[in-house]
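Anchor point for the sequence shown: position 25 equals 24 in numbering that gives the first Met the number 0, and the numbering is continuous, going up by one each time.
Each residue gets a CB set at the ideal place from its N, CA and C atoms; glycine is no exception.
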Amino acid sequence: MLTPQEVSEHAFAKATFGGYNMAMVDEFLDILTADYTALYNENAVLKSKMKVLVDKVEEYRATEEAMRKALMSAQRMADQLVQEAQEKKQSILQEAEQEAAEQTAEIRRQIEVEQARLVAAQQATAAYVQQVRQLQANALGYLDRLDEITPDVEPAPLTREEQAAQEIEDSVQRILEAQLSAVRQELDAEEEVEEPTTDLDLKPDRTTEFAPDRKAPLFDDEDNFFEEVDADAIEDEDLDKTRVIHRDFGPLEFGKDYEIK
């Protein structure tokens with residue numbers, strides 16, 4: 000491309016015949032040189048601006064590539080994280096479902112065991128209640144039949160020795176009662192005549208004068224005068240033992256040479 004200086008310095012050769020008017024050509028060249036100079040300068044400015052823009056575009060392209068690579072890397076990382084999260088979620092869900100199923104099965108097994116125990120306890124309770132009711136009914140029936148199945152035991156006839164001992168015992172009892180009554184009357188009479196003594200321990204007990212000399216008890220064991228029969232040993236249908244009157248008088252001493260004839 001010609002520069003404005005080259006255009007202004009360009010010279011034309013003179014023609015001998017039929018040439019251009021030199022003055023008009025020079026005038027045209029002056030106008031053309033001015034316009035060309037303005038266009039040349041504007042073109043130079045535009046080229047410089049274009050170069051700047053090209054550099055910027057190249058820079059933006061490089062930045063875009065880096066950003067694209069970073070975006071792709073982030074995308075791949077995000078995809079990987081999402082995949083790992085999905086796998087972990089599935090694993091956790093499977094473990095939770097398995098654990099829930101195991102716990103549910105264990106709870107159901109415990110419920111079945113407890114229900115079986117409850118049924119067994121109810122059956123045992125019902126059986127025990129029925130047994131208690133049966134025992135109660137048997138006991139009530141036994142009590143109702145007790146008068147029927149218990150024989151009336153008549154006292155055995157006394158022997159001569161027992162009759163004599165009974166008569167002697169009654170006589171001794173009557174004598175003792177009479178003596179005690181006389182002593183009480185005598186004491187009451189003395190209290191009416193004399194003033195009462197404050198020390199009652201100094202006054203002798205005159206009832207001891209008439210107390211019989213009882214060397215041996217009348218009965219060996221007065222507490223066991225009636226021998227009790229074990230009620231647990233009595234069966235409903237078989238009653239071998241009943242209340243039996245037992246008399247054991249033991250040795251009776253009423254005199255040194257006393258004999259019953």
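Check your understanding: Quick one: Cα of Q172 to Cα of A188, how far?
Key -> Here the question's residue 172 lines up with position 173 in the sequence shown. Here the question's residue 188 lines up with position 189 in the sequence shown. Answer to the nearest angstrom: the Cα atoms are 25 Å apart.
Review point. With DSSP run on the structure shown, which of helix, strand or coil describes G18?
Key: Stepping through the sequence shown from its first residue, residue 18 is reached at position 19. Coil, per DSSP.
Check your understanding: Just checking, does the segment 72 to 82 make contact with the segment 45 to 57 on the three C-beta pairs under 8 Å criterion?
Key -> no
Check your understanding: With respect to the alpha helix (DSSP H) encompassing P3, which residues constitute its N-terminal and C-terminal limits?
Key -> The residue given as residue 3 occupies position 4 in the sequence shown. P3 -> alpha helix (DSSP H) spans P3 to E8.
Practice item. Determine, using beta carbons only, whether Y39 and T62 come nearer to each other than 8 Å. Key: Translated into positions along the sequence shown, residue 39 becomes position 40. Translated into positions along the sequence shown, residue 62 becomes position 63. Their beta carbons are not under 8 Å apart, which means Y39 does not touch T62 by this criterion.
Point to revise | L139 to Q122 span [Cα, whole Å] | key: For this step, residue 139 is matched to residue 140 along the sequence shown. For this step, residue 122 is matched to residue 123 along the sequence shown. Going by the C-alpha atoms only, they are around 25 Å apart.
Review point. So what does DSSP say about T158, is it helix, strand or coil?
Key: For the purposes of this step, residue 158 is taken as the residue at position 159 of the sequence shown. Reduced to three states, the DSSP call for T158 is coil.
Exercise for review: Report the rounded CA-to-CA distance for Q4 versus N20, giving the unit in angstroms.
Suggested key: What you label residue 4 is simply residue 5 of the sequence shown in a count that begins at 1. What you label residue 20 is simply residue 21 of the sequence shown in a count that begins at 1. Cα to Cα, Q4 sits roughly 22 Å from N20.
Practice item. Please list, in chain order, all residues of the same chain as S7 whose beta carbon is under 6 Å from its beta carbon, the five residues on each side excluded. Key: Taking the first residue of the sequence shown as 1, we reach residue 7 at position 8. Here the set comprises T32.
Point to revise | Span separating the alpha-carbon of E147 from that of Q133 | key: To locate residue 147, count along the sequence shown from 1; it is residue 148. To locate residue 133, count along the sequence shown from 1; it is residue 134. Approximately 21 Å, taken between the alpha carbons.
Point to revise | Other residues of its chain near T36: CB distance less than 6 Å, five sequence neighbours each side excluded | key: To locate residue 36, count along the sequence shown from 1; it is residue 37. Only P3 meet the Cβ criterion.
Review point. Roughly how many angstroms lie between the CA atoms of Q109 and V128, to the nearest whole one?
Key: What you label residue 109 is simply residue 110 of the sequence shown in a count that begins at 1. What you label residue 128 is simply residue 129 of the sequence shown in a count that begins at 1. Taking the straight line from one Cα to the other gives about 28 Å.
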